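Sequential numbering from 38 applies to the sequence shown in my numbering.
Ideal placement from N, C-alpha and C gives every residue a C-beta, glycine not left out.
These figures come from a predicted structure and were not determined experimentally.
Step one of this worksheet: look at the structure below.
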Amino acid sequence: MSKKRRYFNADQKVVAIRKHLLEQIPVSDICDELNITTTLFYRWQKEFFENGSRAFLKDNDSNLKNAVKENTQLKATTSEKNDVIAELVAIESRCFCKLVLTNFS
């Protein structure tokens, strides 16, 4: 019988790492509690330390919010332009049909 794969979110990983670093709980105990290997725990810890500087970037959230807002606005503008183009193509098509019909009548 195979083990079911478990997924841990970022907060759960940080809690596990903090238990070890701040509360001095042995890695083996944390791994037993979470039913993970020590290799996985140390991989989380390595990623945590490598990406730790991102926690101190204050404008990261505002940049992301601005990018999402701009993206939403651009999508709306693109949608409006597509609607206008479709309407103009339909008008041009009707005019062309009328022109052809009047010339061959």
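Under the DSSP assignment, S65 falls in the alpha helix (DSSP H) whose first and last residues are 64–71. The region 113–124 and the region 81–89 do not touch, with fewer than 3 CB-CB distances between them shorter than 8 Å. Residue range 75–87 is occupied by the alpha helix (DSSP H) that includes F78.
In terms of Cβ geometry, H57 and I67 form a close pair [threshold 8 Å].
When the five nearest sequence neighbours on each side are left out, the beta carbons in the same chain lying within less than 7 Å of the beta carbon of F78 are those of A53, V64, I67, C68, in order along the chain.
With contacts defined by Cβ atoms closer than 8 Å, V51 and F85 form a contacting pair. In the structure shown, F133 falls within a helical segment according to DSSP collapsed to helix, strand and coil. Secondary structure of Q49 (DSSP, three-state): helix.
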